[in-house]
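Engineer: Sharing a structure here in structure tokens format.
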Amino acid sequence: MISHLDLDAFFAAVEELEDPSLRGKPLVVGGDPRSRGVVATANYAARHYGIRSAMSSAEALRRCPGVIFVPPHMSLYVEYSHAVWQAVREIIPVVEQVGIDEGYLDLASVDPDPRQARALAEAVQAAVRAATSLSCSLGVASCKVVAKVASDRRKPGGLTVVPPGREAAFLAPLDVRTLPGIGPRAEERLRAAGVDTVGALASLDGATLGALIGGKLGLMLRDRARGIDPRPLETSVERISIGHEETFERDVSDRETLYAELQRMAARVAARLAVRGDAARTVTTKVRYQDFSIRSRSVTLAAGIDTADEIAGHACALLDRALSDRPGALRLVGVSVSSLEPFRQLPLG
DNA sequence: TCTGGGGTCCTTTATCGG
DNA sequence: TCTGCCGATAAAGGACCC
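If you read the first sequence in numbering that gives the first Met the number 0, its first letter stands for residue 0, the second for the next number, and so on.
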């Protein structure tokens, strides 16, 4: 059995622990409502007003004029996260961490008997609370997708166990959007075709599926909808790309300003490459226009590079290409590197 | 003055060498 | 020589997730 663990309103919960005067008041961790900020996490008091993650901070303020805004303190959350996962691993050593606030636990590695799964999950929940005072929700099932959906059923602080054999029946009545992999676009198309529940998705034929979502992806999501998910736990994943991007407070069209921004971001990317001792063969520049559309241009080099100047040089040339293909003021620029490889010094002699 | 920043993965299209 | 096809790889875009 697998368990999916999800920390409840993680960023907001940490802020409440650090400053008890915030507790119970509507709280948003995220960007400034007076500029282009969005909500990263809202605590449950704020959610009561309809405030949700990814909502613009300005909209959040409109829904609850008394809401308190706190900017994100990522390094603090990383510390708490370390403490959480350390506590988890003391009970379940085999885990796959997915991002800062969730992950999968291989309960079977401790006890293969499915009847012991609930007790193990309860022990994990208690250990997290004891170590950090944080609350988390857990889902327990035979595969990842069902465990993940289950962890979301009884938030906050919940534990939902789906016995083996009950996967499809558990998923069937749920809203189709609750299935991971169904985003806004797929949801819209499915609803237009009258598919509103996971169960309805599970019973679609291949042709309909192909027309609505696309062949390969459609078949995979239908399997998931049936509670079939062969993905194993990935206990170590290496990073594929490193990037930085920033939205300007006001749209920018001045080329020199954009170059300067790219240079700054290239320096940050280079610093992160250096920490890992890696070089990169691909540089990508991304721009976002006033109408929110995104364009990217990339080059792949014969040999890896790792200095800020080299990355910035390519990034600026790519920016020129993007802007000559489609001129216009930009609300965002970003630079990222991929095709990472270990940087090797030339062998001596 | 709606709409962040960090990513991953998949699909389509272009290009190039047999 | 021309054309078509095949496979590999890059590039670009789009959807999705936390």
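All C-beta atoms, glycine included, are put in the ideal place defined by N, C-alpha and C. Fair warning: this is a prediction, and the values are worked out from it, not measured in the lab.
Among L178, L104, T40, which residue has its Cα nearest to the Cα of S52?
Structural biologist: Looking at the Cα atoms, T40 is the closest of the given residues.
Engineer: Could you check the C-alpha separation between V28 and Y288 for me, to the nearest Å?
Structural biologist: Using only the alpha carbons, I get a separation of about 26 angstroms.
Engineer: Unbroken beta strand (DSSP E) runs of length 3 or more, entirely within the segment 268-297: which are they?
Structural biologist: DSSP runs (the beta strand (DSSP E)) wholly in the segment 268-297: 277-288.
Engineer: According to DSSP, which residues form a beta bridge with H3?
Structural biologist: According to DSSP, H3 bridges with Y103, G138.
Engineer: Can you have a look at M73 and say buried or exposed, based on whether 16 or more other CB atoms are within 10 angstroms of its CB?
Structural biologist: It is exposed - the Cβ of M73 has fewer than 16 other Cβ atoms within 10 Å.
Engineer: Take the Cβ of G348 as the centre, count every other Cβ of all protein chains shown within 10 Å, and call the residue buried at 16 or more, exposed below.
Structural biologist: Below a pLDDT of 50, predicted positions are generally treated as unreliable, and G348, at 41, falls in that range; no measurement from the model is reported.
Engineer: With DSSP collapsed to three states, give me the class of H363.
Structural biologist: Because the chain here runs from 0 to 348, residue 363 falls outside it and cannot be looked at.
Engineer: Under a Cβ-count criterion, where at least 16 other Cβ atoms within 10 Å of its own Cβ denotes burial, should A259 be classed as buried or exposed?
Structural biologist: Classification of A259: exposed, given that the 10 Å Cβ count is below 16.
Engineer: Please give the ranges of any beta strand (DSSP E) in the segment 141-193, keeping only runs that are unbroken, at least 3 residues long and fully inside the region.
Structural biologist: Segments of the beta strand (DSSP E) lying fully in the segment 141-193: 158-160.
Engineer: Leaving aside the five residues before and after I369 along the sequence, list all residues of the same chain whose C-beta is less than 6 angstroms from its C-beta, in chain order.
Structural biologist: The requested residue 369 does not occur in the structure, where the chain is confined to residues 0 to 348.
Engineer: Distance check for R263 and R320, CA to CA, integer angstroms please.
Structural biologist: Cα to Cα, R320 sits roughly 20 angstroms from R263.
Engineer: Below 8 angstroms CB to CB, which residues in the same chain sit around E244 once its five sequence neighbours on both sides are set aside?
Structural biologist: Answer for E244: M264, K285, L331, V332, G333, V334, S335, listed in chain order.
Engineer: DSSP state of L345, grouped into three classes?
Structural biologist: Per-residue confidence for L345 stands at a pLDDT of 45, beneath the threshold of 50, marking its modelled position as unreliable; the derived number appears in the next sentence. Coil.
Engineer: Given 8 angstroms as the limit, is there contact between the segment 298-307 and the segment 191-211, that is, 3 or more CB pairs closer than that?
Structural biologist: Too few Cβ pairs lie closer than 8 angstroms, so no.
Engineer: Would you mind working out which of G214, V282, Q124, S235 sits nearest G242, comparing C-alpha positions?
Structural biologist: Checking every option, the nearest Cα to that of G242 belongs to V282.
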